[in-house]
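Engineer:
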Amino acid sequence: MPLFKSNSWAGKHSPDYVIILSTFFLVIFGLVMLASASSDLGQLRFGDSYFYLKHQLLYGLSVGLIGFFLASKFYYRNYQNIAVILFILSILMLTLIFTPLGITRGGATRWLGIGPVQFQPSELLKITFIVYLASWLGNKSYRQKSFFGGFVPFLIIIGLIGILLILQPSTSIAAILILTALIIYFSSGAKLSYIFSAILLGIFAFLIISYLSPYRWERIMSFVNPGLDTQSSSYQINQALIAVGSGGLKGVGYGQSTTKLFYLPQPIDDSIFAVIAEETGFIGSAVLIMVFLMLTTRSFLLARKINDEFGQLLLIGFGSLITIQAFIHIGAISGLIPLTGVPLPYISYGGTALAIFMTISGIIVNISKYT
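Just so we're aligned, residue 1 is where the sequence shown starts under full-length UniProt numbering, counting upward by one.
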């Protein structure tokens, strides 16, 4: 099976341009908003207002463009042949975080440093985990129906991923991947009783982990009562809500956010939607959400058209991943769910995350050629 299919291959056609245009709109919009959100922070820390933008261009966009181009050309069915290898390598990289190669920032050990290169293995896992699940479940109906041959191994797989991520700690990424896995499992034809059982187990585990972890429990309490401690546990959500409310209909104008001026924690990553809402208002925020919906809805529509179950599960998995992560970020900043510390896909600062999501779009584009 060739790695790069020629245009003469039967059934191949032009790529889906809605996916391409949506992706690059989000990327360009993200860079523009990052330039605004990071200017004061960059000047304060490094004496360069464009430090974070330059870093994102160098380590995020450049790598992401390569990933997008290669993934859009690489025949997606070949991932089935290397799915297990990719997944095992990702697990190994996650475990290496707990060795001297791991890098700790802000109390969390989520980065791996090999020489001058630093990246987050959990971001790479977003691709390899979905590819592995799609390969494991695709065209294997017994795994969807069997308790010991399918459901139990599925729980072991997501349990392993959850434990490795929670230990970093990265509970929010664990939740995103587990939710995505459940959607893939359900879409493959799994019994509803298995899905509901997994959801109940997940909720129970989440509550136990949150209760045993003071900072996670504080976030939940801050969500329940934002006025409980406005100078400590509720500070970030209150500042975020002030920013969102200040934007009004049209926003205060590009570069004119006041909450980003050392009031809003993490304005370039975990809270960037607050800056977007303040500067572009309801209109700008609505346009951004519509583009996200356009990208993910298109992925789901492509999944309905394709005849290959592996490709179908990939599209559902990647579409769900983008939807869930974007909703969690926007929902947390808007006060709809507890704060999670999840970056906004394609938008937030983070070279590894941007490169990974652009690569995901490249994979979707490749699959779209065969629908």
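Using N, Cα and C, we set each Cβ at its ideal position, and we do this for glycine too.
1. For the pair the segment 162-181 and the segment 331-345, tell me if three or more CB-CB distances fall below 8 Å.
2. Beta carbon of Phe87, beta carbon of Tyr132: below 8 Å?
3. Helix, strand or coil for Ala108 per DSSP?
4. Determine whether the beta carbon atoms of residue 381 and Ile347 lie at a separation below 8 Å.
5. Is Gly317 closer than 8 Å to Thr180 when the C-beta atoms are compared?
6. My output table needs one value for Ile114: the three-state DSSP class, helix, strand or coil.
7. Which ranges does the alpha helix (DSSP H) cover as unbroken runs of at least 4 residues, wholly within the segment 304-367, from first to last along the chain?
8. Is it right to say Tyr349 is buried, meaning 16 or more other beta carbons lie within 10 angstroms of its own, or is it exposed?
9. Among the residues of its own chain, which have a CB less than 7 Å from the CB of Ile276, if the five just before and after it don't count?
10. Looking only at its own chain, which residues have a Cβ that is under 7 Å from the Cβ of Phe151, when we skip the five neighbours before and after it?
11. Find out if the Cβ-Cβ distance for the pair Ile127, Ile360 is shorter than 8 Å.
12. Between Asp270 and the rest of its own chain, which residues show a CB-CB distance below 6 Å, the 5 nearest in sequence each way excluded?
13. What does the Cβ neighbour count give for Ala10, buried or exposed, with the cut at 16 atoms within 10 Å?
14. Is Phe262 helix, strand or coil by DSSP?
15. Could you give the distance in angstroms between the alpha-carbon of Phe292 and the alpha-carbon of Ser22?
16. Assuming Thr128 is part of the alpha helix (DSSP H), what are its boundary residues?
17. Once DSSP output is grouped into helix, strand and coil, what is the label at Ile103?
18. Given Glu279, which residues of its chain have a CB within under 8 Å of its CB, disregarding the five upstream and five downstream residues?
19. Please report the straight-line C-alpha distance between Met294 and Leu301, rounded to a whole angstrom.
20. Inspect the beta-carbon positions of Phe119 and Thr371 and report whether they are closer than 8 Å.
21. Excluding five sequence neighbours on each side, which residues of the same chain lie with their C-beta closer than 8 Å to the C-beta of Leu96?
22. Skipping 5 residues on each side, what residues in its chain have a beta carbon closer than 7 Å to that of Val365?
23. Does the separation of the CB atoms of Ser188 and Leu313 fall below 8 Å?
24. So the candidates are Gly319, Pro345, Asn307 and Ile306; which of them puts its Cα closest to the Cα of Thr297?
25. Could you please give the first and the last residue of the uninterrupted alpha helix (DSSP H) stretch that includes Val152?
26. Please classify Ile199 as buried or exposed, where buried requires at least 16 other C-beta atoms within 10 Å of its C-beta.
27. DSSP three-state call for Ile97: helix, strand or coil?
28. Could you give the DSSP three-state label for Phe74: helix, strand or coil?
29. First and last residue of the alpha helix (DSSP H) that includes Gln43?
30. How many Å lie between Tyr235 and Leu241 at the Cα?
31. Mind checking which residues open and close the alpha helix (DSSP H) that includes Ile184?
32. Could you give the C-beta distance for Leu315 and Ile356, rounded to a whole number, given that I count them as a contact under 8 Å?
33. Quick check on the DSSP output: the alpha helix (DSSP H) that includes Leu192 runs from which residue to which?
34. How is Ser252 classed by DSSP in three states: helix, strand or coil?
Structural biologist: Let's see:
1. They touch, by the three-pair rule.
2. yes
3. strand
4. In the structure displayed, the chain extends from 1 to 371; residue 381 sits before or after that span and is not available.
5. yes
6. strand
7. 309-333
8. Answer is buried; the Cβ neighbour count reaches 16.
9. Met33, Gly284, Ser285 and Leu288
10. Tyr194
11. yes
12. Gly341
13. Annotation note: pLDDT 42 at Ala10 (below 50); position unreliable, coordinate value reported separately. Ala10 comes out exposed.
14. coil
15. Approximately 7 Å, taken between the alpha carbons.
16. Run containing Thr128: Pro121 to Leu137, per the alpha helix (DSSP H) assignment.
17. strand
18. Met33, Ser36, Gly247, Gly251, Val252, Gly253, Tyr254, Gly255, Gln256 and Ser257
19. Approximately 10 Å, taken between the alpha carbons.
20. no
21. Excluding sequence neighbours, Leu96 sits near Gly102, Leu112 and Pro121.
22. Pro15, Asp16, Ile19, Ile20 and Ser72
23. yes
24. Gly319
25. Counting along the chain, the alpha helix (DSSP H) containing Val152 begins and ends at Val152 to Ile166.
26. exposed
27. Assignment of Ile97 by DSSP, reduced to helix, strand and coil, places it in the coil class.
28. coil
29. Tyr17 to Phe46
30. 10 Å
31. Element bounds for Ile184: Thr171 to Ser187.
32. With 8 Å as the limit, Leu315 and Ile356 do not qualify as a contact, their Cβ atoms being about 17 Å apart.
33. Annotation for Leu192: the continuous alpha helix (DSSP H) segment containing it runs Leu192 to Leu212.
34. Checking the sequence shown, residue 252 turns out to be Val, not Ser. In this structure, Val252 counts as coil in the three-state DSSP scheme.
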